[in-house]
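Read the structure below first, then the notes.
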Amino acid sequence: MNYWLIKTEPGCFSLDLLKKRPDMTEHWDGVRNFQARNFLRDSIKVGDMALFYHSNIAEPAVVGIVDIVRAGYPDFTALDPNGEHFDPKASPANPIWYMVDVRFRAELPKPVSLADIKENPLLADMPLVRRSRLSVQPVSAVEWQVIMSMGRLTA
DNA sequence: GCCAACGTTGGC
DNA sequence: GCCAACGTTGGC
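Here it is in structure tokens:
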């Protein structure tokens, strides 16, 4: 079982949206970065959990956690010429891009902001802090526990 | 809205 | 295969 952090802009895919449909899964699609793609395709497994991070807003923060309910499979949004995530190089035989399905698990009673994360020396090695724009990144067990505790979420 | 970081593209 | 130009991300 591994831990991850996935970023979304709440304008297009917010935790609230997931929360409203606790019994449904959602495709987490549109990732167009090779390093992130590799994690989605090769590393993320069913049963893994991910921190749900809202970016590109006034106070970017980890706002909740989601379960990975389906491991990497081809991101069909790359094949839709009218879609926002269309990639002319992708084809059914060579999908290039991958996505996973996630399901709402919990909301953090206290969102953990990027500022909070930067202040905590235990979290200094997170790619998030190292100014990476990576939209899917691994999280260590220790980092996970620290963020759970900062977010006042008890298992 | 600005701009720094950084990944990708394409000419050579 | 180098590297300049360009596009995107995302914090501020």
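The numbering used here numbers the first residue of the first sequence as 1226 and each following residue consecutively.
Using N, Cα and C, we set each Cβ at its ideal position, and we do this for glycine too.
| task | Please list, in chain order, all residues of the same chain as K1232 whose beta carbon is under 6 Å from its beta carbon, the five residues on each side excluded. | result | Y1278, S1280 and S1360
| Counted within 10 angstroms of its Cβ, other Cβ atoms place M1351 as buried (16 or more) or exposed | buried
| request: State the beta-bridge partners of M1373 as determined by DSSP. | output: None; M1373 has no bridge partner.
| field | Element boundaries [beta strand (DSSP E), containing R1295] | value | A1286 to P1299
| said: Can you give me the C-alpha to C-alpha distance between L1276 and S1338, rounded to a whole angstrom? | reply: 12 Å
| request: State the DSSP-derived secondary structure class of F1238, mapped to helix, strand or coil. | output: coil
| said: Going by DSSP in three states, V1325 sits in which element: helix, strand or coil? | reply: strand
| request: Tell me, please, which residues DSSP counts as bridged to L1378. | output: According to DSSP, which records beta bridges pairwise, L1378 is partnered with nothing at all.
| query | According to DSSP, is I1271 helix, strand or coil? | reply | First, the amino acid is wrong: residue 1271 is Val here, not Ile. Note: V1271 maps to coil in three-state DSSP.
| message | Short of 6 Å in beta carbon distance, which residues of its chain neighbour Q1362, apart from the five on each side in sequence? Order them along the chain. | response | L1230 and P1352
| said: Below 8 Å, how does it come out for the stretch 1319 to 1330 and the stretch 1248 to 1257: are there three or more Cβ pairs, yes or no? | reply: yes
| query | First and last residue of the beta strand (DSSP E) that includes I1342? | reply | Not the beta strand (DSSP E): I1342 falls in the alpha helix (DSSP H), residues L1339 to E1344.
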